[in-house]
Amino acid sequence: MWTVSLVIGVSVLVLCMVPLSSRWFVVDYDTGLLIIMAFFALAPFFILVSGWAQNNKYSLIGGMRAAELMISYEVPMLILICTTALMAGSFNINDIVYAQADNVWYIIPQILGAITFFTCAVAEAERVPFDIAEAEAELVEGWQTEYAGMKWGLVMLADYMRGSVSCSMFVILYLGGWTLPFIGDGPIPEIVFLLKAYVVFFFM
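Numbered according to this note's numbering, the sequence shown spans residues 278 to 481.
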């Protein structure tokens with residue numbers, strides 16, 4: 278059970294790092310993007326440990342496959358985050374959002390980067406067509422073969438949390454965060470941010 282707690286605990290930590298607006302956040306670090314990606318990088322390790330802890334060779338192999346898949350997609354995600362940070366001149370999330378509000382949303386000059394980031398986000402969240410690590414349709418269900426009941430439910434919850442954080446990161450990096458063109462923050466920036474994130478999550 279402790280391995281499941283680690284998996285979902287990291288997902289909750291990452292979720293806490295994402296602000297809903299410049300006035301609605303848990304923490305506001307100057308290197309917020311790097312901290313979010315550092316927490317993201319812990320997930321493959323905990324998934325590998327979760328597969329190993331079940332004392333089942335199929336689960337161990339599934340954990341190795343899942344960790345390898347997630348690591349392979351985190352490298353291009355980090356590169357794309359660095360390109361966005363270079364354009365904004367900061368790793369601070371507020372600075373990146375307001376740099377887009379002052380100029381243009383980064384999805385326009387970085388359309389290929391946005392598509393690549395979204396693809397990596399889908400793979401990071403283990404959604405179709407990158408769900409082979411999870412293997413929902415197979416008889417042996419990847420690294421979570423021995424998990425059932427609430428343990429399996431918590432693992433699925435952690436997956437969807439990582440997916441929602443990936444969509445929030447896409448909104449922050451490429452869709453102007455909680456700002457709107459010609460309006461800026463607006464009266465309720467939190468609703469604007471959540472609506473953008475839900476639209477991206479719908480496509481995911």
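For every residue, glycine included, the Cβ atom is placed at its ideal position computed from N, Cα and C.
Where the alpha helix (DSSP H) containing residue i begins and where it ends
i, result
"Thr-280", "279-294"
"Gln-377", "370-379"
"Ala-400", "388-401"
"Trp-429", "426-451"
"Val-476", "466-480"
Beta-bridge partners of residue i, as assigned by DSSP
i, result
"Leu-457", "Gly-461"
CB contact flag (residue i, residue j, <8 Å)
i, j, result
"Ala-378", "Cys-444", "no"
"Met-481", "Ala-402", "yes"
"Gly-328", "Phe-368", "no"
"Met-314", "Leu-283", "no"
"Met-294", "Ala-320", "no"
"Leu-452", "Trp-382", "yes"
"Ile-324", "Trp-429", "no"
"Trp-455", "Val-374", "yes"
"Leu-357", "Phe-317", "no"
"Ala-400", "Ser-441", "no"
"Leu-292", "Met-438", "yes"
"Ile-384", "Ala-376", "no"
"Val-352", "Thr-280", "no"
Neighbour flag for residue i against chain B, beta carbons, 8 Å
i, result
"Ser-349", "In the structure shown, chain B does not exist; there is a single protein chain."
Integer-rounded CB distance, given that residue j should sit under 8 Å from residue i
i, j, result
"Leu-431", "Ile-285", "5 Å"
"Asn-371", "Ser-299", "5 Å"
"Leu-457", "Val-469", "6 Å"
"Asn-332", "Thr-422", "Asn-332 to Thr-422, Cβ: 11 Å. No contact."
"Ala-435", "Ser-288", "4 Å"
"Val-450", "Thr-396", "Val is not the amino acid found at residue 450; the sequence shown has Leu there. Their Cβ separation, rounded to whole angstroms, is 14 Å, which puts Leu-450 and Thr-396 out of contact at 8 Å."
Requested in this report: Would you list, in sequence order, the uninterrupted beta strand (DSSP E) runs of no fewer than 3 residues that lie entirely inside the segment 286-362?
Outcome: none
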